[in-house]
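Read through the structure below, which is laid out as structure tokens, and then see the notes.
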Amino acid sequence: MRKNIVAGNWKMNTDLADTQELIGGLKSIAKTSDAEIIIAPPFTNLYSAFEALKGAGIEVAAQNMHQSTSGAFTGEISASMLKGVGVKTVILGHSERRAYFEEKEDLLAEKVNTALENDMKVIYCFGEELKDRNFSEHFEVVNKQISQALFHLDADAWKHIILAYEPVWAIGTGETASPDQAQEMHAFIRKTIADEYSQEVADSVTVLYGGSVKPANAKEIFSKPDVDGGLIGGASLKAEDFMAIVNAF
Ligand code: PEP
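Reminder that position 38 of the sequence shown reads as 38 in the UniProt record's numbering, one-by-one numbering, no gaps.
Here it is as structure tokens:
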């Protein structure tokens, strides 16, 4: 049985005080939900978040990581640095990393390998742009984003992979894929994995939807059979909204 997960991507928001305040508001939710809960604060607040959430049943993830284990990479953060502050999960391939930092599948494959070599879990994000959907190329684009970054892995490694389908046109725009559009793509993703590996691998991987999920639409999106939760941006910055989304399961 695959896990339901709701993850909050705080992006470049929240200073230390905001982090403590937001965590204060979130601490009660894990106890009321069957879903696994993850938050991804900025690097500077990972340690304080990890310390503040000890025993609360909420996991802390990083929003990015460098592919090398150490070295002369000024300004970068390695897997062992993350693990040293209690972080065992990393978001890779977010559309903002792809758009503003030109991260592509070959680099992301390296980052995935480094994360797995360091016993970390990966939330691998991908999704088409509006032009891809308008040209009916969205399935092809998603297939490439998954296969080129992940299909070198052996079947066993998929236990440590969480997928997050995030259509770029729905991120931070207020526009959401309809529950049927999300289900259609999630079913395609699962079939793509089943064709490459096995139905067992496909059925056991958690596939999250991301893109303007909010309390008002979470229940309907999460009710779709191949949608196993959400990666939440804007709405994860308000404790009551994030709690409502978590409790939509
Ligand atoms: C995201 O950044 O992963 C995201 C889904 O953002 P939002 O919920 O704000 O659309």
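C-beta: ideal position from N, C-alpha, C; glycine also.
CB-CB length for residue i against residue j, believed under 8 Å
{"i": "Pro179", "j": "Glu220", "result": "5 Å"}
{"i": "Leu92", "j": "Asn45", "result": "Actually they do not touch by this definition, with Cβ atoms about 19 Å apart."}
{"i": "Gly57", "j": "Ala30", "result": "3 Å"}
{"i": "Ile232", "j": "Ala62", "result": "Contact doesn't hold; Cβ gap of about 16 Å is too wide."}
{"i": "Val122", "j": "Ile161", "result": "5 Å"}
{"i": "Asp241", "j": "Pro225", "result": "Not a contact, Cβ separation roughly 25 Å."}
Spatial distance of residue i from residue j (CA atoms)
{"i": "Asp203", "j": "Ile5", "result": "15 Å"}
{"i": "Ser95", "j": "Gly127", "result": "8 Å"}
{"i": "Val87", "j": "Val60", "result": "6 Å"}
{"i": "Lys131", "j": "Leu163", "result": "22 Å"}
{"i": "Ser223", "j": "Gly55", "result": "29 Å"}
{"i": "Phe249", "j": "Asp34", "result": "8 Å"}
{"i": "Trp10", "j": "Glu196", "result": "33 Å"}
{"i": "Gln181", "j": "Gly210", "result": "12 Å"}
{"i": "Asn143", "j": "Glu105", "result": "12 Å"}
Boundaries (first-last residue) of the alpha helix (DSSP H) holding residue i
{"i": "Ala248", "result": "That residue, Ala248, is in no alpha helix (DSSP H); it is neither H nor E in DSSP."}
{"i": "Ile23", "result": "16 to 26"}
{"i": "Asn217", "result": "215 to 222"}
{"i": "Glu200", "result": "199 to 204"}
{"i": "Thr114", "result": "105 to 117"}
{"i": "Glu36", "result": "Segment 36 to 40 is the beta strand (DSSP E) holding Glu36; no alpha helix (DSSP H) there."}
{"i": "Asn143", "result": "138 to 150"}
{"i": "Leu84", "result": "Sequence check: residue 84 is Gly here, not Leu. Start and end: 79 to 84."}
{"i": "Ile193", "result": "179 to 196"}
{"i": "Leu46", "result": "46 to 52"}
{"i": "Ser95", "result": "95 to 100"}
Residues near residue i by beta carbon distance below 6 Å, same chain, minus five either side
{"i": "His138", "result": "Glu128, Asp132"}
{"i": "Phe188", "result": "Phe139"}
{"i": "Gly174", "result": "Ser212"}
{"i": "Ala52", "result": "Ile23"}
{"i": "Thr114", "result": "Gln67, Ala79"}
Sequence-distant residues of its chain with Cβ nearer than 8 Å to residue i (five each side left out)
{"i": "residue 273", "result": "In the structure as shown, the chain starts at 1 and stops at 249, and residue 273 therefore has no counterpart that could be examined."}
{"i": "Val201", "result": "Ala155, Trp158, Ile193, Ala194"}
The beta strand (DSSP E) enclosing residue i, as first and last residue numbers
{"i": "Ala164", "result": "161 to 165"}
{"i": "Gly229", "result": "229 to 232"}
{"i": "Glu59", "result": "58 to 62"}
{"i": "Lys121", "result": "121 to 126"}
{"i": "Asn9", "result": "5 to 9"}
{"i": "Ser130", "result": "First, the residue type needs correcting, since residue 130 is Leu and not Ser in the sequence shown. No beta strand (DSSP E) contains Leu130, which is instead part of the alpha helix (DSSP H) from 130 to 134."}
{"i": "Val207", "result": "207 to 210"}
Same chain, Cβ closer than 7 Å to residue i, neighbours up to 5 away in sequence not counted
{"i": "Ser70", "result": "Ser78"}
{"i": "Gly84", "result": "none"}
{"i": "Gly234", "result": "Gly172"}
{"i": "Thr19", "result": "Pro41, Asn45, Ser48, Ala49"}
{"i": "Asn217", "result": "Thr176"}
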